[in-house]
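Written out below as structure tokens is the structure these notes cover.
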Amino acid sequence: MGRSHGHPGWTVAFVLVTLAALAASYWSNASLVSGTGSAVSTAPEATPATEPRAAATTDPEASPAEAAFTVPGIAAPAHLVVATEGAALTLAGAADDAPPVTVASGGARLEGRFQQDDELRLVATGEPGPWAVALRDREAWQVEVEAGAAQVRLELAEVELRSLRVGAPLDGVRGSLPRSGRSEVRLGGGRSSLVLPRDSAVDVRLVLGTGPALVQVDPGAHGRLELLPGAGPATLVVDATITVALALPPGDTPPLALEGTWWRHVDAEGVTWVRAPIAAGPDQAELTLALLGTGPAPLAVTYR
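With positions in the sequence shown counted from 1, the corresponding number in our numbering is that position plus 119.
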């Protein structure tokens, strides 16, 4: 285990720290303050099946969402697919007394196939967007947002989902991820800004896009955030005050710039850097950032 405070003479570290600063300044609402150490540059080193549903009853006075769920004795389907066909989407939680799915705005209608596979789909009606969709928390949804939305905004900080999958939008992905469940998010071509909510159990995979991305980690968040490089260069800024471990795979890795005091650990699985004011091991980190592959994207990690 070794401690490093950086080497100012390293050209690569200088360039990458500059990249991180530029990415951070991209957001007018985020002011990032660097840690106490100098930049460190590292060179390459060694759904369960369910019973069939009865047909939904029809009530001419009910909304599409309410009509779809007036099935006596049958719980709401757990799998929801959202196909916006290019509209911007906001996905949020709803109150306990709300319908399981509410289309608050935008040209969307609900399709249910109750007798086949318990899947619901939100599809475009041809009316203009953007869409605003709310989900009742207690249904333990499996939500899939198909690729191609103009932009995706998530307001799920108080929602517990079973799983969330977001296909890459044309622009970025912004907002708060759910407090629990597995999330897989493909970032788009614009800037993205995501929050890991306070006290959330983090189980997230991010596929980096071509735009800069900011991940804000609220106090008490803990778990694992997996990072997978995308097709083009990108910059990731992680804003957190908790203890973080950055796990790199064996072999060649992208150039890396780190701010603050980091402790280096090497084993057969690769190199792990732990950010802490005093010596700390990977098992002491509250959040693990795991780089799953290599690519052309420099990875900048900055803390305020």
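Where a beta carbon is used, it is the ideal one built from N, C-alpha and C, also for glycine. A quick note: this is a predicted structure, and the numbers were derived from the prediction, not measured.
Expected contact under 8 Å - CB spacing of S295 and L275 to nearest Å: Position 176 of the sequence shown, counted from the start, is the residue given in the question as residue 295. Position 156 of the sequence shown, counted from the start, is the residue given in the question as residue 275. At roughly 6 Å, the Cβ-Cβ gap stays under 8 Å, so S295 and L275 are in contact.
Rounded straight-line distance, which links the Cα of P396 to that of A364: Taking the sequence shown and counting its residues from 1, the one referred to as residue 364 is at position 245. Taking the sequence shown and counting its residues from 1, the one referred to as residue 396 is at position 277. Rounded to whole angstroms, A364 to P396 spans 13 Å at the Cα level.
According to DSSP, residues forming a beta bridge with T407: Locating residue 407 in the sequence shown gives position 288, where the first residue counts as 1. R343 and A364.
W250 to L289 span [Cα, whole Å]: By one-based count along the sequence shown, residue 250 stands at place 131. By one-based count along the sequence shown, residue 289 stands at place 170. Whole-angstrom Cα-Cα distance: 15 Å.
Close Cβ partners of G412 (< 8 Å) along its chain, the five nearest in sequence each way excluded: Residue 412 sits at position 293 when you count from the first residue of the sequence shown. Here the set comprises L347, P348 and P368.
Exposed unless 16 or more other CB atoms sit within 10 angstroms - verdict on P297: Taking the sequence shown and counting its residues from 1, one reaches residue 297 at position 178. Buried, by the Cβ-count rule.
Closest Cα partner of G389 within the set L283, A359, A366 and A404: Working through the sequence shown from its first residue, we reach residue 389 at position 270. G389 has its Cα closest to that of A366, out of L283, A359, A366 and A404.
Inter-residue Cα distance where the pair is G307 and G291: Reading the sequence shown from its first residue, position 188 is the one you call residue 307. Reading the sequence shown from its first residue, position 172 is the one you call residue 291. Their Cα atoms are separated by approximately 5 Å.
For G330 and R310, believed in contact at Cβ under 8 Å, the rounded distance: Within the sequence shown, the letter at position 191 stands for residue 310. Within the sequence shown, the letter at position 211 stands for residue 330. Correct: roughly 5 Å between the Cβ atoms.
Residue burial classification, P218 (beta-carbon count within 10 angstroms, cutoff 16): For the purposes of this step, residue 218 is taken as residue 99 along the sequence shown, with counting starting at 1. Result: buried.
Straight-line Cα distance separating G212 from A359: Working through the sequence shown from its first residue, we reach residue 359 at position 240. Working through the sequence shown from its first residue, we reach residue 212 at position 93. If I take the Cα positions, the gap works out to 25 Å.
Contact set for A246: own chain, Cβ-Cβ below 6 Å, skip 5 residues either direction: Position 127 of the sequence shown, counted from the start, is the residue given in the question as residue 246. In the sequence as displayed, the identity of residue 246 is Glu instead of Ala. Cβ within range, chain order: G226.
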